[in-house]
Amino acid sequence: MIEPNNKGFYGEYGGAYIPEMLIPNIEELRAKYLDILNSESFRKEYHLLLCDYAGRPSPLFKAERLSAKYNANIWLKREDLNHTGSHKLNNTIGQILLAREMGRKRIIAETGAGQHGVATATVCALMGLDCVVYMGATDIERQAPNVARMRMLGAEVRPATSGNKTLKDATNEALRDWIANPLDTFYLIGSVVGPHPYPDMVARLQAIISSEIKEQLKSKIGTNLPDYVIACVGGGSNAAGSFYHFLEDESVKLIGTEAAGLGVNSGETAASMACGDKGIIHGSMTYLMQSDDGQITEPYSISAGLDYPGIGPLHAFLKDSKRADYMPITDDEALDAVMELTRLEGIIPALESAHALAVLPKLKLKTSDHVVVTVSGRGDKDMKTYMERFNL
Amino acid sequence: MNRLNSLFANKKDLLSIYFTAGFPRLDDTVPILKALETSGVDFVEIGMPFSDPLADGPVIQKSSTTALENGMSLTVLFKQLENVRREVSMPIVLMGYLNPVLRFGVERFLDKCKETGVDGVILPDLPFEMYREQYSHLFEERGISNTFLITPQTPPDRVRLLDENTTGFLYMVSSAAVTGAKTGLNQFQIDYFTRIRDMELKSPKMVGFGISNQESFSEVCKYANGAIVGSAFIRMIENSNNIAEDIDGFICSLKPRND
Numbered sequence: 113m114i115e116p117n118n119k120g121f122y123g124e125y126g127g128a129y130i131p132e133m134l135i136p137n138i139e140e141l142r143a144k145y146l147d148i149l150n151s152e153s154f155r156k157e158y159h160l161l162l163c164d165y166a167g168r169p170s171p172l173f174k175a176e177r178l179s180a181k182y183n184a185n186i187w188l189k190r191e192d193l194n195h196t197g198s199h200k201l202n203n204t205i206g207q208i209l210l211a212r213e214m215g216r217k218r219i220i221a222e223t224g225a226g227q228h229g230v231a232t233a234t235v236c237a238l239m240g241l242d243c244v245v246y247m248g249a250t251d252i253e254r255q256a257p258n259v260a261r262m263r264m265l266g267a268e269v270r271p272a273t274s275g276n277k278t279l280k281d282a283t284n285e286a287l288r289d290w291i292a293n294p295l296d297t298f299y300l301i302g303s304v305v306g307p308h309p310y311p312d313m314v315a316r317l318q319a320i321i322s323s324e325i326k327e328q329l330k331s332k333i334g335t336n337l338p339d340y341v342i343a344c345v346g347g348g349s350n351a352a353g354s355f356y357h358f359l360e361d362e363s364v365k366l367i368g369t370e371a372a373g374l375g376v377n378s379g380e381t382a383a384s385m386a387c388g389d390k391g392i393i394h395g396s397m398t399y400l401m402q403s404d405d406g407q408i409t410e411p412y413s414i415s416a417g418l419d420y421p422g423i424g425p426l427h428a429f430l431k432d433s434k435r436a437d438y439m440p441i442t443d444d445e446a447l448d449a450v451m452e453l454t455r456l457e458g459i460i461p462a463l464e465s466a467h468a469l470a471v472l473p474k475l476k477l478k479t480s481d482h483v484v485v486t487v488s489g490r491g492d493k494d495m496k497t498y499m500e501r502f503n504l
Numbered sequence: 398m399n400r401l402n403s404l405f406a407n408k409k410d411l412l413s414i415y416f417t418a419g420f421p422r423l424d425d426t427v428p429i430l431k432a433l434e435t436s437g438v439d440f441v442e443i444g445m446p447f448s449d450p451l452a453d454g455p456v457i458q459k460s461s462t463t464a465l466e467n468g469m470s471l472t473v474l475f476k477q478l479e480n481v482r483r484e485v486s487m488p489i490v491l492m493g494y495l496n497p498v499l500r501f502g503v504e505r506f507l508d509k510c511k512e513t514g515v516d517g518v519i520l521p522d523l524p525f526e527m528y529r530e531q532y533s534h535l536f537e538e539r540g541i542s543n544t545f546l547i548t549p550q551t552p553p554d555r556v557r558l559l560d561e562n563t564t565g566f567l568y569m570v571s572s573a574a575v576t577g578a579k580t581g582l583n584q585f586q587i588d589y590f591t592r593i594r595d596m597e598l599k600s601p602k603m604v605g606f607g608i609s610n611q612e613s614f615s616e617v618c619k620y621a622n623g624a625i626v627g628s629a630f631i632r633m634i635e636n637s638n639n640i641a642e643d644i645d646g647f648i649c650s651l652k653p654r655n656d
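Here the protein sequences line up with chains A and B, keeping their order. At position 344 of the first sequence (counting the first as 1) the number is 456 in my numbering, and the numbers step up by one without a gap. At position 26 of the second sequence (counting the first as 1) the number is 423 in my numbering, and the numbers step up by one without a gap.
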């Protein structure tokens with residue numbers, strides 16, 4: 113397991129670069145999160161909800177026709193079958209229990225594709241807590257079904273109208289809300305980003321993914337170690353969860369795929385690893401797309417969930433230490449992968465997850481290889497894009 | 398002792414103005430500085446615009462976006478300030494976010510501050526602990542003051558810690574809110590100002606965030622060394638056709654001159 117030091121740094125990445133206004137809240141969370149997460153009562157309730165409410169464990173499915181095509185054993189970790197349609201619920205169930213334990217009555221969140229917003233609105237409905245979700249105005253437009261779901265669940269969806277009006281801007285607005293409402297509010301961050309302790313806390317709450325993969329592989333093939341684990345990265349929470357329990361198993365190749373948009377050299381991209389360098393975004397030192405003057409560059413991806421100019425600090429550390437490889441996937445490659453999985457396996461994936469699947473043709477696989485790809489979410493929310501792109 | 402320290406030692410009821418460099422037009426920075434000095438402002442914070450100013454409200458956000466579109470950067474700003482000390486004698490503080498300063502190079506940034514005659518720096522997203530470990534000696538070597546923020550939620554022992562370690566002043570966030578969010582003082586704020594005043598801190602205190610008229614300015618001067626006005630000034634200057642005249646009128650409305 114790779115944990116940050118007591119100041120929240122993975123090597124030189126992470127930390128908590130936050131204004132004084134946020135320090136009391138962050139400090140309280142830092143002081144309490146490990147005790148709460150490790151307590152018997154939390155673990156019991158968290159696992160009960162994951163099982164009976166979210167529907168875990170999520171299946172590990174042997175994709176036979178995909179395996180035949182790529183001449184290897186391809187396994188799909190079906191996070192898309194979680195309640196609400198993505199891996200995001202693993203994290204929101206954990207954080208809502210934490211928020212309740214800390215006595216907070218009002219929950220705020222940021223969302224890109226809307227999956228984290230829906231997962232947050234869902235657990236707020238479950239617990240009877242007020243919920244405000246910040247979402248970029250561009251994303252509100254392109255992810256309309258999720259906006260309606262959040263409203264139906266009782267959340268208020270507030271548009272972020274600065275910058276490109278996407279995930280980065282929604283995160284800025286959520287942080288401003290927390291500054292303005294320091295007493296009763298809990299900020300439920302959706303990815304392994306933000307100031308310490310969020311990256312570590314969210315990674316721990318998503319670690320259930322790799323924990324299950326290990327158990328499931330053991331019972332299916334007799335070993336708990338695959339040759340590859342592949343997941344997409346926007347902020348990087350499903351990848352952090354998919355990698356977590358494999359980090360010390362050096363034989364397992366870990367691959368994260370980031371959104372290249374129209375291409376890493378096109379200027380229209382969200383590939384923060386390929387195009388970025390060290391800088392601070394949302395309170396964390398990490399890889400960041402930025403100008404020569406240190407202004408954060410507006411990202412672009414067809415996938416709202418990956419349309420973010422930074423990356424969780426854990427991934428920045430894994431990249432530099434070469435424990436994981438990160439590969440850029442373009443919009444078109446992702447769309448090809450959407451149709452391929454749909455036609456070969458009868459599974460319509462989310463655009464985000466398609467960025468993970470799209471790496472398969474780029475790997476030199478052996479017939480004996482066992483490859484686990486995390487399908488982080490389902491494609492229902494992307495039907496508008498699919499209808500346009502596939503002339504449906 | 399730099400200009401800032403001398404000012405606090407010799408004068409009270411200080412009025413400070415925050416404005417964004419390169420706004421409303423790229424070359425307005427120095428004319429605004431001169432007009433502010435002429436109209437009797439005691440010192441200024443010049444905002445270094447950032448793409449993602451997460452501690453600022455909509456007015457300052459918008460001015461930052463415009464300034465960046467105008468071409469403002471640290472390189473441009475230091476060029477504009479190259480000869481400013483021939484014309485402006487009040488203390489100048491630069492305020493902004495850490496990432497552009499890191500990109501520019503912290504030592505190079507502080508060298509440029511010293512060269513141009515900048516007296517202090519406020520970087521709200523550089524937490525005190527990190528400042529102390531990594532950067533305090535660089536500031537001290539060059540005689541550049543650093544300023545920390547305190548809020549109604551800052552625990553008393555942390556207020557003491559920040560007080561002992563600031564070399565400029567304590568920036569009292571008047572309500573736990575992003576800039577430009579409130580008008581007038583409420584009982585909660587008065588209780589907070591009283592509590593801080595009664596701690597008898599060593600550092601000067603300036604109240605910022607939410608000061609927009611003469612009434613709130615003179616009220617906070619009872620508890621602190623003065624106040625900082627930002628969003629209200631930026632709103633005014635955005636619509637101004639005659640910077641010098643409008644600035645004079647605005648400053649007079651906050652702090653009427655005796656003469």
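Glycine included, each C-beta is placed from N, C-alpha and C at the ideal position. Nothing here was measured: the structure is a model prediction, and the numbers come from that model.
| Check | Outcome |
| --- | --- |
| How about L456 (chain A) and R177 (chain A): are their beta carbons less than 8 Å apart? | yes |
| Would you please verify whether the beta carbon of K280 (chain A) is less than 8 Å from any beta carbon of chain B? | yes |
| Would you be able to state if there are at least three C-beta pairs under 8 Å between the region 619-630 of chain B and the region 593-605 of chain B? | yes |
| Using 8 Å as the limit for Cβ to Cβ distance, is R263 (chain A) near chain B? | no |
| In terms of residue numbering, what span does the beta strand (DSSP E) encompassing R190 (chain A) cover? | N185 to R190 |
| Could you please give me the residues that DSSP links to I519 (chain B) through a beta bridge? | B:M492 |
| Can you check whether the C-beta of T417 (chain B) is within less than 8 Å of a C-beta belonging to chain A? | no |
| Output the boundary residues of the beta strand (DSSP E) element that contains P425 (chain A). | Taken as a continuous stretch (DSSP letters only), P425 (chain A) belongs to no beta strand (DSSP E), being part of the alpha helix (DSSP H) at P425 to D432. |
| Assuming H199 (chain A) contacts N350 (chain A) under a Cβ cut-off of 8 Å, what Cβ separation, rounded to an integer in Å, is found between them? | 5 Å |
| With distances taken between CB atoms, is the gap from P440 (chain A) to A386 (chain A) smaller than 8 Å? | yes |
| Have a look at S415 (chain A) and A428 (chain A) and give me their C-alpha separation to the nearest angstrom. | 21 Å |
| Given T335 (chain A), which residues of its chain have a CB within under 7 Å of its CB, disregarding the five upstream and five downstream residues? | L329 |
| At a CB distance below 8 Å, what residues from the region 625-639 of chain B approach chain A? Give them in sequence order. | none |
| Cβ of R500 (chain B) less than 8 Å from any chain A Cβ? | yes |
| To the nearest angstrom, how far is the alpha carbon of F606 (chain B) from that of N284 (chain A)? | 18 Å |
| Please name the residue, chosen from B:P450, B:S600 and B:S571, that lies closest to N543 (chain B) on a Cα-to-Cα basis. | B:S600 |
| Quick check on A128 (chain A) - is its C-beta less than 8 Å from some C-beta in chain B? | yes |
| Taking only beta-carbon positions, decide if E124 (chain A) is within less than 8 Å of chain B. | no |
| Roughly how many whole angstroms lie between the Cα atoms of T297 (chain A) and D312 (chain A)? | 20 Å |
| Strictly by DSSP, which residues pair up with D242 (chain A)? | A:R218 |
| What do you reckon, are the CB atoms on H357 (chain A) and S323 (chain A) nearer than 8 Å? | yes |
| Decide if G577 (chain B) is buried, meaning its Cβ has at least 16 other Cβ atoms within 10 Å, or exposed. | With a pLDDT of 49 at G577 (chain B), under the threshold of 50, the modelled position of this residue cannot be trusted, and the question is left open. |
| For R557 (chain B), tell me which candidate among B:L535, B:F585 and B:E597 has the shortest Cα-Cα distance. | B:E597 |
| Entirely within the region 276-311 of chain A and at least 4 residues each: give me those alpha helix (DSSP H) ranges in chain order. | 279-292 |
| In whole angstroms, give me the CA-to-CA distance for N258 (chain A) and S303 (chain A). | 18 Å |
| Report the neighbours of S571 (chain B) on chain A: residues whose CB is nearer than 8 Å to its CB, in chain order. | Per Cβ cutoff of 8 Å: no residues; S571 (chain B) is ~12 Å from chain A at best. |
| Whole angstroms are fine: how far does the CA of S436 (chain B) sit from the CA of D251 (chain A)? | 46 Å |
| So what does H482 (chain A) bridge to, in DSSP terms? | A:N185 |
| For N496 (chain B), which residues in chain A fall below 9 Å Cβ to Cβ? | Y129, G391, I392, I393, L400, Q402, G406, Q407 and I408 |
| Can you grab the Cα-Cα spacing for the pair P309 (chain A) / I205 (chain A), in whole Å? | 17 Å |
| Taking Cβ-Cβ distances shorter than 7 Å, what residues in chain B pair up with L287 (chain A)? | L451 |
| According to DSSP, E370 (chain A) sits in a beta bridge with which residue or residues? | A:V345 and A:P440 |
| Would you mind stating whether I429 (chain B) and F416 (chain B) have Cβ atoms separated by less than 8 Å? | yes |
| Have a look at A:I367, A:T442, A:E410 and A:P461 and flag the residue whose alpha-carbon is nearest the alpha-carbon of R435 (chain A). | A:I367 |
| So what does DSSP say about A180 (chain A), is it helix, strand or coil? | helix |
| Please list, in chain order, all residues of the same chain as P171 (chain A) whose beta carbon is under 7 Å from its beta carbon, the five residues on each side excluded. | R190 and L193 |
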